[in-house]
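**Student:**
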Amino acid sequence: MPVAGPTEPTRIRKLLRQRRDGIGQIVVSVRRDDELDPFGVLCWVDLADDGRYLVRTGNSVDIVAVDAEQFTGHLRPMVTAAQRRTALADQW
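Counting with the working numbering, you get residues 93 to 184 for the letters of the sequence shown.
#1: Residues in its own chain within less than 7 Å of aspartate 129 by CB, not counting five upstream and five downstream?
#2: What does the Cβ neighbour count give for proline 139, buried or exposed, with the cut at 16 atoms within 10 Å?
#3: Quick check: what's the CA-CA separation for isoleucine 155 versus isoleucine 118?
#4: Looking only at DSSP bridge pairs, what is leucine 108 linked to?
#5: Over the uninterrupted alpha helix (DSSP H) stretch that includes glycine 165, give me the two end residues.
#6: For threonine 102, which of helix, strand or coil comes out of DSSP?
#7: Let me know if valine 137 comes out buried or exposed under the rule of 16 or more other beta-carbons within 10 Å of its beta-carbon.
#8: Apart from the five residues just before and just after arginine 109, which ones in its own chain have a Cβ nearer than 6 Å to its Cβ?
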């Protein structure tokens, strides 16, 4: 009979109890006059001796280990969308 590993909530709690080297959040948005157009939020936690994890929240919490290239891959679509909106500012 296979033995199940820890549940996802247990795994997340264990990660978040580790010592942190840092945390951060980037909000990508464009503002024109009084109108704010958000494109996304990227949150992360740097765990001592374990690396960087992206933290996504919504109906559930998801924590994923990322390297610099993967982190950039999550950020790039938000920045690209904001740049497109800025390029179309006259039509906004």
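A virtual CB, placed ideally from N, CA and C, is assigned to each residue, including glycine.
**Tutor:** For this structure:
#1: Ser121, Val122 and Arg177
#2: Per the sequence presented here, residue 139 reads as leucine, with proline not at that position. Answer is buried; the Cβ neighbour count reaches 16.
#3: 16 Å
#4: Note: leucine 108 sits in no beta bridge, so no partner.
#5: 160-179
#6: helix
#7: buried
#8: none
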